Structure formats: C-alpha cells, structure tokens
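Notes follow once the structure below has been shown.
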Amino acid sequence: MREHQFWRLIRQSQRGTNPGPGFLTTMTKSRQQVIRLRHSVEALPFFEIVQFHHMLQRIHQRANSWEMWTAFGIALGSMSEENFREAVSWLILQGRRRFTRAVALPDLLAELEFDEDEVIDAEPLGGIIYDIFVPLGNGDDVDDTIAAEAIYDAFGFVGSARPEGEKLSEDLPSLRARYPKLVAKHVAPGAESLPEPAVLVPKHWCPDLADQIGAP
Numbered sequence: 007m008r009e010h011q012f013w014r015l016i017r018q019s020q021r022g023t024n025p026g027p028g029f030l031t032t033m034t035k036s037r038q039q040v041i042r043l044r045h046s047v048e049a050l051p052f053f054e055i056v057q058f059h060h061m062l063q064r065i066h067q068r069a070n071s072w073e074m075w076t077a078f079g080i081a082l083g084s085m086s087e088e089n090f091r092e093a094v095s096w097l098i099l100q101g102r103r104r105f106t107r108a109v110a111l112p113d114l115l116a117e118l119e120f121d122e123d124e125v126i127d128a129e130p131l132g133g134i135i136y137d138i139f140v141p142l143g144n145g146d147d148v149d150d151t152i153a154a155e156a157i158y159d160a161f162g163f164v165g166s167a168r169p170e171g172e173k174l175s176e177d178l179p180s181l182r183a184r185y186p187k188l189v190a191k192h193v194a195p196g197a198e199s200l201p202e203p204a205v206l207v208p209k210h211w212c213p214d215l216a217d218q219i220g221a222p
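For the sequence shown, position 50 matches number 56 in the working numbering, and the numbering has no gaps at all.
Now the structure itself:
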C-alpha cells in the first residue's frame with residue numbers, strides 16, 4: 007500500500023455512509039469514521055491490511071515530536087501519552103492536508119476546532135488491525151490480553167514511543183513566541199502561566215505490554 011492509497015481510505019471514511027448494523031446516530035463523528043475505515047480495511051487482502059497498519063505506524067510517528075506534544079497540550083489543556091496518541095489519531099482522521107500542515111507547523115493546530123469527545127473516540131484508529139483479526143473477545147481478560155500480545159508482537163503498536171530528547175519549556179512567554187496562534191486561542195488573556203503542565207511525563211516508562219494495551 008502506498009501512502010496516497012492510505013490517505014484515500016481516510017478520505018473515503020470521512021464521507022462514507024452509516025457504519026452498518028448497530029449504527030447509532032449518537033456516536034461521535036470520530037467513532038463513526040473509525041468504524042467505516044475498519045470496514046474498508048477489513049475488505050482488503052491480508053497483506054494490504056498489514057501494510058495499512060504499518061503505514062499508519064509511520065504516519066503516526068511523523069507527529070511524534072515534543073513540538074506536537076506541547077501544541078496539543080495547549081489546545082487540549084494538558085497532554086499525557088494516552089492523550090497524545092488519541093490526538094494524533096484524531097489529526098490523521100482530519101485528512102492528509104491538515105495533518106501535513108500541522109506536523110510542519112504545529113501552531114496551525116489553532117485553525118482546528120477541538121472537541122474532547124471527538125479526540126478520545128479517535129483512539130481506536132490504532133487498534134483497527136487488532137479489531138479485524140480478533141473481532142470478538144470471549145469476555146476473558148486473560149485471553150484478550152494474550153490475543154493482544156500476539157497481534158502487537160507481530161505487527162507493533164501505533165504510537166508506542168515517546169519523542170527523543172528533552173521536552174520544550176512550558177514558560178508562557180516561550181510558548182507564546184513558539185505558538186502565537188495557539189496561545190492566543192486557548193490561553194486566557196493576561197494569564198501568566200498555563201493552568202497546568204501542557205505535557206505530563208511519567209518518572210518511569212513501563213514497557214510491559216500488559217500494562218500498555220490501548221496506551222502508547
């Protein structure tokens with residue numbers, strides 16, 4: 007699968023019909039889009055499903071920088087590893103042009119309207135390959151974890167690595183200089199600091215798979 011084919015699937019999922027049986031109009035747009043995308047990917051040959059997953063990994067990784075982490079943190083109020091994977095997945099669902107522009111200049115995230123529920127419901131994008139190959143669990147958490155380990159050992163996580171290097175200063179004057187549009191839109195006028203850290207970094211990074219199913 008070439009990159010333009012990946013983005014074509016994303017574009018088609020944006021304007022597709024209802025996701026199918028069980029569709030609920032109360033679903034967020036992100037959730038509907040992920041379901042439509044899953045149905046499209048599921049119809050592909052096995053090797054193309056795997057290629058889709060690997061392409062998603064590569065594209066997701068392009069946004070994996072402290073610049074993007076901090077930009078999303080300003081837009082959403084705070085940012086953790088799980089939040090970041092959700093946010094990047096949501097940005098991918100917005101299409102190639104918006105994704106490419108934001109990665110090149112993160113301050114352009116100010117042009118987008120963020121809805122917390124929409125961002126959260128974009129998270130299953132990274133698990134499409136798992137949902138296809140293990141469509142229904144048997145209700146046993148141990149068996150589900152073993153199945154997840156097998157899938158992700160074989161194909162890898164989406165968004166499982168932290169950015170390299172040091173995170174950016176969250177001093178507000180520095181952020182205002184780096185992200186003038188985002189700060190103007192999301193930080194109250196006259197504020198002297200952010201209400202909370204834009205990026206929350208744990209003291210210990212736990213690589214244990216069982217602790218990270220569904221988390222970057």
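We treat Cβ as the ideally placed atom computed from N, Cα and C, and that holds for glycine.
These numbers were taken from a predicted model, which means no experiment stands behind them.
Counting along the chain, G79 sits inside the alpha helix (DSSP H) bounded by residues 72–82.
Segment contact: the region 7–17 against the region 92–104, three or more CB-CB distances shorter than 8 angstroms; contact assigned. Rounded to the nearest whole angstrom, the CA to CA distance from G133 to V164 is 8 angstroms. Each of I138, L131, R168, T76 was checked against the Cα of E92, and the nearest Cα belongs to L131. Take L62, set aside five residues on each side of it, and the residues of its chain with a beta-carbon closer than 6 angstroms to its own are V164, in chain order. Rounded to whole angstroms, the gap between the alpha carbons of I135 and I16 is 15 angstroms. Within the region 161–205, complete alpha helix (DSSP H) segments of at least 4 residues are found at 178–184, 186–192, given in chain order. If you draw a straight line from the Cα of A69 to the Cα of E87, it comes to about 13 angstroms. Of the other Cβ atoms in all chains shown, 16 or more fall within 10 Å of the Cβ of F78; this residue is therefore buried. In the DSSP assignment, L99 falls within the unbroken alpha helix (DSSP H) covering 87–99. Bounds of the alpha helix (DSSP H) holding R64 are 52–68. Q39 is classed as buried because its beta carbon has at least 16 other beta carbons within 10 Å across all chains shown. Taking a 10 Å sphere around the C-beta of I157, we find 16 or more other C-beta atoms and assign the residue as buried. In the DSSP assignment, A110 falls within the alpha helix (DSSP H) that extends over 102–110. By the criterion of a C-beta distance shorter than 8 angstroms, A197 is surrounded in its chain by L178, once the five residues flanking it on both sides are discounted. Sequence-distant Cβ neighbours of T34 in its own chain, meaning closer than 6 angstroms and more than five residues away, are D123, E124, D127. With respect to the C-alpha of A110, the residue from T151, I65, I138 having the closest C-alpha is I65. Contact between L114 and R107 is confirmed by a C-beta separation of about 5 angstroms, below the 8 angstroms threshold. The C-alpha of A116 lies about 14 angstroms from the C-alpha of A194.
Around the CB of L118, fewer than 16 other CB atoms lie within 10 Å, so the residue is classed as exposed.
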